[in-house]
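Chemist: Structure incoming, see below.
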Amino acid sequence: MMKETFPLLTPKPVTLVQKIGYGLGHIQNDLSASMWFSYTLGFLKLVTSNNVLSGILIMTGQLLDAVATPIAGYILDRTNNKKKWHFFGSIASCGSFPLIYTVCTLCNQDSTWEGLFRGVFIAVFQISWAFVQISHLSILPLLTKNINEKSELTAYRYAASMIANIILYLITLYCFYGTTTGETTLFSASDNQRFFEIAVSITAIGLLTSTAFHLIIKTKEPTIEGTNTRKVVSCLATNGDIFKVAAIYTSSRLYINATIEYMVLYLNETVLSNKETIATIPLTMFALSALTSLFFKHVIRVNNQKITFVIGWIFCIAGCLTIFMRNGRSDDVMDLFIASALFGTGSALTLVVSLSFAANMATTEGKEGFVFSTVTFADKAMNGIAVLSIEYLKCEDPILCESYYKNVMVFFNGCVITVGLIFVCFMPLRITEFNSTRQIQI
Numbered sequence: 002m003m004k005e006t007f008p009l010l011t012p013k014p015v016t017l018v019q020k021i022g023y024g025l026g027h028i029q030n031d032l033s034a035s036m037w038f039s040y041t042l043g044f045l046k047l048v049t050s051n052n053v054l055s056g057i058l059i060m061t062g063q064l065l066d067a068v069a070t071p072i073a074g075y076i077l078d079r080t081n082n083k084k085k086w087h088f089f090g091s092i093a094s095c096g097s098f099p100l101i102y103t104v105c106t107l108c109n110q111d112s113t114w115e116g117l118f119r120g121v122f123i124a125v126f127q128i129s130w131a132f133v134q135i136s137h138l139s140i141l142p143l144l145t146k147n148i149n150e151k152s153e154l155t156a157y158r159y160a161a162s163m164i165a166n167i168i169l170y171l172i173t174l175y176c177f178y179g180t181t182t183g184e185t186t187l188f189s190a191s192d193n194q195r196f197f198e199i200a201v202s203i204t205a206i207g208l209l210t211s212t213a214f215h216l217i218i219k220t221k222e223p224t225i226e227g228t229n230t231r232k233v234v235s236c237l238a239t240n241g242d243i244f245k246v247a248a249i250y251t252s253s254r255l256y257i258n259a260t261i262e263y264m265v266l267y268l269n270e271t272v273l274s275n276k277e278t279i280a281t282i283p284l285t286m287f288a289l290s291a292l293t294s295l296f297f298k299h300v301i302r303v304n305n306q307k308i309t310f311v312i313g314w315i316f317c318i319a320g321c322l323t324i325f326m327r328n329g330r331s332d333d334v335m336d337l338f339i340a341s342a343l344f345g346t347g348s349a350l351t352l353v354v355s356l357s358f359a360a361n362m363a364t365t366e367g368k369e370g371f372v373f374s375t376v377t378f379a380d381k382a383m384n385g386i387a388v389l390s391i392e393y394l395k396c397e398d399p400i401l402c403e404s405y406y407k408n409v410m411v412f413f414n415g416c417v418i419t420v421g422l423i424f425v426c427f428m429p430l431r432i433t434e435f436n437s438t439r440q441i442q443i
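Numbers 2 to 443, taken from this note's numbering, label the letters of the sequence shown in order.
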């Protein structure tokens, strides 16, 4: 039997400083994740010269992240200091992430050794990333019980995430500014050092923002005396809403991740020579995402989350259709800027809503980590499987597959976000809070 004692909750609302401080707590993860999804697949293809091996490394990283997620949730629900795990995860992430992109002088350009060398640092990075993510999400219900404030904190978190992405692409733009290529692709071996410099830069920024988070955010956590694992599993198995929320979150996150990962590879097959587009196009996407999340932070309330998701879905599909109508290779990229703006707006709305669903379900009853780890597990595993499958199915002859990544951007992304819409339609008007008799209207 689990017994808990709670501190008296302050009636004061969450302050603006706390909202900003909470958003800062995940910027390190957001910066590294943005680079991971935007450039790592392309970088690994450069250093290993092997599409399948690159896909295996990405999938391995994602699966390790997925496995570490429920472990992190289990540990966090049995400790009274979630900030401690956030701190340890941040340090491990800072120490391992830049080394993924460093030059391996002993590998002698052997693809197997390159894969093993980078695989070690990928493993450390992904496990530490999971602990930072779940600990940060688990802190949110400790800051407030007010559903609207949870939605607003989620919006701030997402806005900070988009700002982090913007920072990454500005740094990338600086590193690649004025460079062109005379080859048939935008990337070349001479770009390896640039990727390492970008990784070091964003790691330094992430370390500063994580420090600010720990200085600003103070939490009082419940004292937990014992636990009943069987009861926890039983509650999870009988609460179908949590699986619906997990499906919605997975589709929203997979849409964003696939867009980030394959936008750069799509640019590689559709843009002739301008390397700056690998930064300016994603930069446009995330700038619109940040503006959208801030603009809608007062709109995404408990009574209109479904409508907001539908609006986001429309923008997402419009972006897919814009990519579908583009033909051939050209340096005329106006339509790509339009598509990235649509992607950014739509993905902001769908992901903020899915995170709000999860935050509404989580309680301050010692199971925040369990709920969030359950919700985020599937998207990490599915993303890894999706990348490996897409890379495995790609033919070796670029002439035969000249529109391969275009089709990924259009059809894969369109199907993924539509699955999320279907689950949103089946969400009940009232969501049963996990391990609680209370209900929350959505």
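Even for Gly, the Cβ is constructed at its ideal location relative to N, Cα and C.
(1) I need the straight-line Cα distance from Met264 to Ile324, nearest angstrom please.
(2) What's the call for Leu209, buried or exposed, on a 16-neighbour Cβ count within 10 Å?
(3) From the DSSP output, in three-state form, read off Asn109 for me.
(4) Considering Cα atoms alone, identify which of Leu64, Tyr170, Tyr405, Val201 is closest to Glu277.
(5) Note down, in chain order, each residue of its chain lying with its Cβ closer than 6 Å to the Cβ of Arg119, except the 5 sequence neighbours on either side.
(6) Using C-beta distances below 8 Å, list every residue in its chain close to Ala388, excluding the 5 sequence neighbours before and after it, in chain order.
(7) Given this structure, state the Cα-to-Cα distance separating Lys146 from Lys13, to the nearest angstrom.
(8) Kindly list the residues whose CB is nearer than 6 Å to the CB of Thr419, restricted to its own chain and excluding five residues on each side of it in sequence; keep chain order.
(9) Looking at the unbroken alpha helix (DSSP H) that takes in Ser444, where does it start and where does it end?
(10) Between Asp31, Gly22, Ser91, which has its C-alpha nearest Cys258's C-alpha?
(11) By how many angstroms is the C-alpha of Asn109 removed from the C-alpha of Val353?
(12) Can you tell me the Cβ-Cβ gap for Leu255 and Met383, rounded? I've got them flagged as a contact below 8 Å.
(13) Kindly indicate the opening and closing residues of the alpha helix (DSSP H) around Tyr405.
(14) Would you say Thr220 and Ile167 are within 8 Å of each other, going by their C-beta atoms?
(15) Which of the three DSSP states, helix, strand or coil, is assigned to His137?
(16) Relative to the alpha-carbon of Lys381, which residue among Glu270, Ile135, Ile148 has its alpha-carbon at the smallest distance?
(17) Identify whether Tyr175 lies in helix, strand or coil by the three-state DSSP scheme.
(18) In whole angstroms, what is the alpha-carbon distance linking Leu284 and Ser341?
Modeler: A quick look at the data gives this:
(1) Stepping through the sequence shown from its first residue, residue 264 is reached at position 263. Stepping through the sequence shown from its first residue, residue 324 is reached at position 323. About 10 Å.
(2) Position 208 of the sequence shown holds residue 209. The residue is exposed, with fewer than 16 neighbouring Cβ atoms inside 10 Å.
(3) Position 108 of the sequence shown, counting from 1, holds the residue named residue 109. DSSP places Asn109 in coil when its eight states are reduced to three.
(4) For the purposes of this step, residue 277 is taken as the residue at position 276 of the sequence shown. It is Tyr170.
(5) The residue labelled residue 119 in the question sits at position 118 within the sequence shown. Within the same chain, Arg119 has close Cβ partners Ile101.
(6) Residue numbering aside, residue 388 sits at position 387 when the sequence shown is read from its first letter. Just to set this straight, residue 388 is Val in the shown sequence, not Ala. The answer, listed in chain order, is Leu42, Gly56, Ile59, Met60, Gln63, Glu262.
(7) For the purposes of this step, residue 146 is taken as the residue at position 145 of the sequence shown. For the purposes of this step, residue 13 is taken as the residue at position 12 of the sequence shown. Each residue's Cα considered, the two are about 11 Å apart.
(8) Taking the sequence shown and counting its residues from 1, one reaches residue 419 at position 418. Around Thr419: no qualifying Cβ.
(9) One cannot answer for residue 444 here, as it falls past the ends of the chain, which runs 2 to 443.
(10) Within the sequence shown, the letter at position 257 stands for residue 258. Sequence inspection shows Asn at residue 258; the Cys mentioned does not correspond to that position. Among Asp31, Gly22, Ser91, the Cα nearest to that of Asn258 belongs to Asp31.
(11) The residue labelled residue 353 in the question sits at position 352 within the sequence shown. The residue labelled residue 109 in the question sits at position 108 within the sequence shown. So the alpha carbons of these two residues sit roughly 45 Å apart.
(12) To locate residue 255, count along the sequence shown from 1; it is residue 254. To locate residue 383, count along the sequence shown from 1; it is residue 382. Going by Cβ atoms, the distance from Leu255 to Met383 rounds to 6 Å, so yes, they are a contact pair.
(13) Numbered from 1 along the sequence shown, position 404 holds the residue referred to as residue 405. Here the alpha helix (DSSP H) through Tyr405 covers 405–408.
(14) In the sequence shown, counting from the first residue as 1, residue 220 sits at position 219. In the sequence shown, counting from the first residue as 1, residue 167 sits at position 166. In this structure, Ile167 does not lie closer than 8 Å to Thr220 by Cβ.
(15) Counting from one through the sequence shown, the residue named residue 137 turns up at place 136. Of the three classes helix, strand and coil, the one that applies to His137 here is helix, per DSSP.
(16) Position 380 of the sequence shown holds residue 381. Nearest option by C-alpha distance: Ile135.
(17) Your numbering for residue 175 matches position 174 in the sequence shown. Three-state DSSP puts Tyr175 in a helix.
(18) Counting from one through the sequence shown, the residue named residue 284 turns up at place 283. Counting from one through the sequence shown, the residue named residue 341 turns up at place 340. Roughly 9 Å separates the two Cα atoms.
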